[in-house]
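Structure, as C-alpha cells:
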Amino acid sequence: MSTAPAAPAASAATGLKVALFAACYNDTMWPGTPIATVKILERLGCRVEFPRKQTCCGQIFTNTGYAAEALPLVRGFVETFAAYDAVVAPTGSCVGAIRHQHHDLAAGAGDAALTRAVDALTPKVYDLSEFLVDVLGVTDVGAYFPHRVTFHPTCHSVRVAGVGDRPQQLLKAVRGLTFIDLPHQEECCGFGGTFSVKNPDVSIAMASDKVRHVRETGAEVLVAGDNMCLMNMGSVLARQRAGIRVMHLAEVLASTEEDPA
Amino acid sequence: MTTTVPAPRPARPTPGPLQETTPTFVGMPKFPKAAKEALANTQQRRNLAHATGVIRAKRARVVGELPHWEDLRLAGSQAKDEMMTHLAAYLEQLETNLVRNGAQVHWARDAAEACQIVVDIAKTKGTDEVVKVKSMATQEIELNEALEAAGIRAWETDLAELIVQLGHDRPSHILVPAIHRNRSEIREIFRREMHLVGRPAPDDLTDEPRRLAEAARLHLREKFLRAKVAVSGANFAIADTGTLVVVESEGNGRMCLTLPETLISVVGIEKVLPTWQDLGTFMQLLPRSSTGERMNPYTSMWTGVHPGDGPQEVHVVLIDNGRSHVLADPLGRQALRCIRCSACLNVCPVYERAGGHAYGSVYPGPIGAVLNPQLRGTASAVDKSLPYASSLCGACFEACPMRIDIPSLLVHLRARVVDESGRKSAEAKAMKGMAWMFGDYRRLEKAQKAAKLGGRLLGGRTIHTMPGPFGPWTSARDVPDLPTHSFRDWWDARGGSGGAGTAGSPPSTTQEQR
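Chains as they are written, first to last, in my numbering: chain X, 7 to 267; chain A, 1484 to 1997.
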C-alpha cells in the first residue's frame, strides 16, 4: 500500500481527451459516481468532457427482449461518442453491453454503416478500472479511504466486459483501506435487471445469500463497479439495518484526506 | 429369478409421478410461480446447495488441471458445428455403418413415432418389461409412459433414476436426477417402495450410502438377469465407424447393454459425431464437466452386433422431435452442441435455489431455459417464462464445455417471446415509453426533473413499499433514495464542456445513497 498522499503523475494521460459516459441511471439516480469519475480522471491529468446528448446504452431493452427499441440508442451512442479518443464509463455492465451487444444489434438490423461505426468505436470504450490500469497505467490513484472494505465483482464486469481483477488492484492500493475478500464472490447478487421483478422470489433468495456473505466479512463498506447491483444489495442491507453502506468503486477512488467520501 | 413379493397392479405397473402436471408437463405453471413454491422447500434448498457446491468444487479442480482446456472447448464446439453444418450427410454415414455392422436403424420425426417404434420392437420380442439405462432422450419422449400404456413395464436402473421412479417423482437434474433428495429421504423411499415392485429393501437398512447402494444393487440385479430387452440412449454416435457410446458411473448401464438379447438405443440426431478421433476430445470434456472426474468409471462402446457377445439384436432409433426447428435458427442452433453434462446447472444460482422441477421439463437449468422454448416452442406459460428464468450472470457460459453462449441465447429468445406477444402488454408499452424518453437527451432531462422533485419532496425519507410492477422489489428491499440533482446539474454548475446547454441549478456534491 502506498503512503504517498499526492496524486501520482500519469504522464500518459496528459492532455488525453476523454469522454465520460455516465450511464443513464448514474446520471439520474447516483450522480455521485460520475462526479467521482470526473474527479479521478482530472486528478490524473485527463481533460474530461461530458457529451450532453448521451442517454442510455440500450441494455435494459436488449436484455428484456426489446431489440428494436435498443437499436436507436445504439445509433445515438455512436453519434455521441465517435469523435473521442476514449470513452470512460463507471459501469462494467454497460461497457459489457456496448462490447457484446451493439455490434449484434447493428448487424442484426442489416445496417452495415452503423455496424462499421460500432466496430470503430467499441475498442475505445473502457470501464473506469480498465482505463486507469491499462491506459493510464496506474493502480495507486492517490486515494485515501481508512475503512474496512469488501468487494463484489459484478457478473457483467467480470464475465462480459472482462475487467478481471483491476478493481481489486485499485482498491488494494488505496491508502488506509483494509481489503477483505468476499466469500463466494463469483456468485450473482440476484439483480439481473428485470429479473429482479420478473422473478422476485429467486432474486431475493440470491440477494439474501449474497448479503449474508457480505455481513460475514465484517466490512463497513461494500464496494462494486456497478450501481444497479449495489442498489440491489444495498436495498437488502438497508432493510436489514445491517450497518454496512454500499459505495461505487469510483467514489472510493475519488476519496482523499482533503475531500473524504 | 422370481420376485419375492408379487408386484401389485395399480394404475401404472411401475411407480408414476404424483406431481400435478401430466407426463409432458402440460399445464406447468410459469417459472416464477413454480420457483416460489420450490424456494419454500427448505430440505430441497439445503440438498441442492450442498450437492451443487460439492460438484462445482470438483469440476473446478479437475478442469484447472488441464492447461489446454480452452483448446478442448474450441475443438469440441467445432466438431459439433461441423456435425450441424453437414448433419444429413453424417446421419446417412452413421446409418450406413450401423447397418453394415448388423444394427437396424429407425427414424422418428417426433416423440410419438419414436415411442411407437420402441413399443413395437418390445412387443415383437414378446416381453412385458424392459430395463433402462439412464437416458435423457427417452425421458424427453416420455417413453416409460408409452411402454406402460402398452402393458410393458420400464425399469430405471440408474441409482438416481431408480430413486426418482420409486419416489413417484420427476428428475430434477440432468446428471443427478435425485439431487433434490438426501440420503435419509432415499432410505425412506427404498423401504416404502422396493417391496412393491421387486426385491424389498433389508429391514435394517440405514442411510449410509454404502448400504443404500447395496440395497439398490440387490433390487436391480434380478431385473438385469431377467430382462430380455434393454433400452438406452447414447452420449455419442460416431458416424465414420457406426459406434454408439454410453458414458456412466455405476455399471448398471454396462449390465443393460450386455446382458439382454435385444438392445434398443434412442438417440437424438444431434448426438452424431463426425469421426472416431472426435471422441477423444469429448471424453476429456464430458467427465470433467459433469461429475468432476478425470475419467468416468464405465464407458461402453458397441458397433452393431457381435455374434456370441452382447445383444444379438441391436436397434437404433434416431429422433428429431423438434431438433430440426432448433437447427433452422443460426444463433439458436448452438444449443444442439449440448452434451448433457450439467455443468451449467451446477454453477447456476437460479437453478441452485429453484431446483429442476420449476423448469417444467426433463431439461432444467440454463440449458433447459434455452433448449425447451426452442424444442417445444413458446406457446405455453412455462416455455414463455423460461428465457427470463436467469439473471444473465454468465456463469453457465463460462462453465459450458461446448461454449454455448447461453446468456446471449436467453436474450435472443426473450426477443422472440416479445415479438410473438405482439407488443401489446403493459410492459411493452412501458418499454416503448422509456425508449422514447431515452431517444432524446432533452426528454431524459425532463424526466430527471421529476425524479429530483421526488427526491426533494421525500427530503431524505426512504420508501419501503411500492405498488404496481415494482411491488415485488419492495417485498424484501427498500427503494433507493431519490436524488436531489442529476449529474448534468453538477456538470453545468461547474461550467463543464461537452455540448449544448449549461443551464441548471447549482447542486451540492454530496454522495448519494443507493
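Glycine included, each C-beta is placed from N, C-alpha and C at the ideal position.
Predicted model only: the values in this text are computed from it and were never measured.
Leaving out five residues on either side along the sequence, give the residues of the same chain with a beta carbon under 8 Å from the beta carbon of residue i.
i	result
X:V164	G98, G170, E192
A:F1921	L1927
A:G1793	L1740, T1741, L1746, W1785
A:I1672	I1646, L1649, G1650, R1664
By Cβ distance below 6 Å, which residues in the same chain neighbour residue i in space, the five residues on each side in sequence not counted?
i	result
A:T1758	D1723
A:A1720	L1577, L1727, V1750, K1754, V1755
A:T1504	Model confidence at A:T1504 stands at a pLDDT of 48, short of 50, so the residue's coordinates are unreliable; what they give is reported in the following sentence. Answer for A:T1504: G1510, M1511, listed in chain order.
A:L1703	T1640
A:R1829	Rather than Arg, the amino acid found at residue 1829 of chain A in this sequence is Asn. Closer than 6 Å at Cβ, skipping near neighbours: T1535, I1538, R1539.
X:H153	E226, V227
X:H108	V80, V124
A:S1825	I1657, L1658, S1773
X:V258	F151, V229
A:H1589	I1600, V1800
What does a CB cutoff of less than 7 Å around residue i pick up in its chain, not counting 5 residues either side in sequence?
i	result
X:G240	V252
A:T1861	K1867, R1899, V1900, E1903
X:S135	V169, R172, P173, L176, G231, L255
A:A1468	In the structure as shown, chain A starts at 1484 and stops at 1997, and residue 1468 of chain A therefore has no counterpart that could be examined.
X:L242	This sequence places Val at residue 242 of chain X; Leu is not what is there. Contacts found: A213, S214, V217.
A:D1611	G1634, I1635, R1636
X:H190	H219
X:A113	T121
Should residue i and residue j be called a contact, given that it needs their Cβ atoms to be closer than 8 Å?
i	j	result
A:A1852	A:P1832	no
A:G1559	A:T1764	yes
X:H162	X:L188	no
A:R1592	A:D1812	no
A:V1616	A:S1732	no
A:N1779	A:V1729	no
X:K59	A:Y1924	yes
X:N32	A:F1880	no
A:S1783	A:R1737	yes
A:E1668	A:P1654	no
X:D133	X:A95	yes
A:D1961	X:R245	yes
X:T43	X:L22	no
A:P1856	A:G1877	no
Along chain A, which residues have their Cβ under 9 Å away from the Cβ of residue i?
i	result
X:S202	S1874, P1955, W1956, R1960
X:P40	F1970, W1973, W1974
X:C100	Those do not exist, as X:C100 stays about 13 Å from chain A at its closest Cβ, beyond 9 Å.
X:V242	A1959, R1960, D1961
In the DSSP assignment, what are the bridge partners of residue i?
i	result
X:F157	X:V229
A:M1784	A:V1728
A:Q1587	A:H1798
A:G1751	A:I1802
X:K325	The structure shown does not extend to residue 325 of chain X, since chain X spans only 7 to 267, so no value can be given for it.
X:M253	X:V229
List the residues of chain X that residue i touches, going by C-beta distances under 7 Å, in chain order.
i	result
A:V1894	T68, N69
A:V1900	G71
A:R1836	V208, A211, M212
A:G1877	C161, R165, V166
A:A1518	N205, D207, V208
A:M1914	F67, T70, Y72, E75
A:V1833	V208
Residues of chain X with a CB under 9 Å from the CB of residue i: which are they?
i	result
A:A1918	C62, G64, F67, Y72, A74, E75, A76, P78, L79
A:P1950	Those within 9 Å of A:P1950 in chain X number zero; the least Cβ separation is about 13 Å.
What residues from chain A crowd round residue i, counting only those whose CB sits closer than 7 Å?
i	result
X:S163	Near X:S163 there are no residues of chain A at all, since even the closest Cβ is about 11 Å away, more than 7 Å.
X:P96	Those within 7 Å of X:P96 in chain A number zero; the least Cβ separation is about 10 Å.
X:D33	S1969, F1970, R1971
Going along chain X, which residues have a C-beta under 8 Å from residue i?
i	result
A:E1881	R165
A:R1897	N69, T70, G71
A:Y1871	T200, F201, K204, N205
So which residues of chain A does residue i contact, with C-beta pairs closer than 8 Å?
i	result
X:F197	S1874
Mind listing the chain C neighbours of residue i? Cutoff is C-beta to C-beta under 8 Å, in chain order.
i	result
A:L1522	The chain labelled as chain C is not found among the protein chains of the depicted structure, namely X and A.
Legend entry - In chain order, each alpha helix (DSSP H) run of at least 4 residues that lies wholly inside the stretch 1907-1939 of chain A: 1909-1921
Inset, instruction - Could you tell me which uninterrupted beta strand (DSSP E) segments, each at least 3 residues in length, are contained entirely in the stretch 1602-1684 of chain A, listed from first to last along the chain? - result: Taking only runs of at least 3 residues, the beta strand (DSSP E) segments lying wholly in the stretch 1602-1684 of chain A are 1612-1615, 1636-1639.
Inset, instruction - Scan the stretch 1520-1557 of chain A and note each continuous alpha helix (DSSP H) run of 4 residues or more that stays entirely inside, going in chain order. - result: 1525-1547
Inset, instruction - Starting from the N-terminal side, write out each stretch of the beta strand (DSSP E) that is 3 residues or longer and does not extend beyond the stretch 96-168 of chain X. - result: 131-133, 154-157
Inset, instruction - Jot down the residue ranges of each uninterrupted alpha helix (DSSP H) in the stretch 1818-1885 of chain A, minimum 4 residues, whole runs only, in chain order. - result: 1826-1830, 1832-1837, 1848-1858, 1864-1868, 1878-1882
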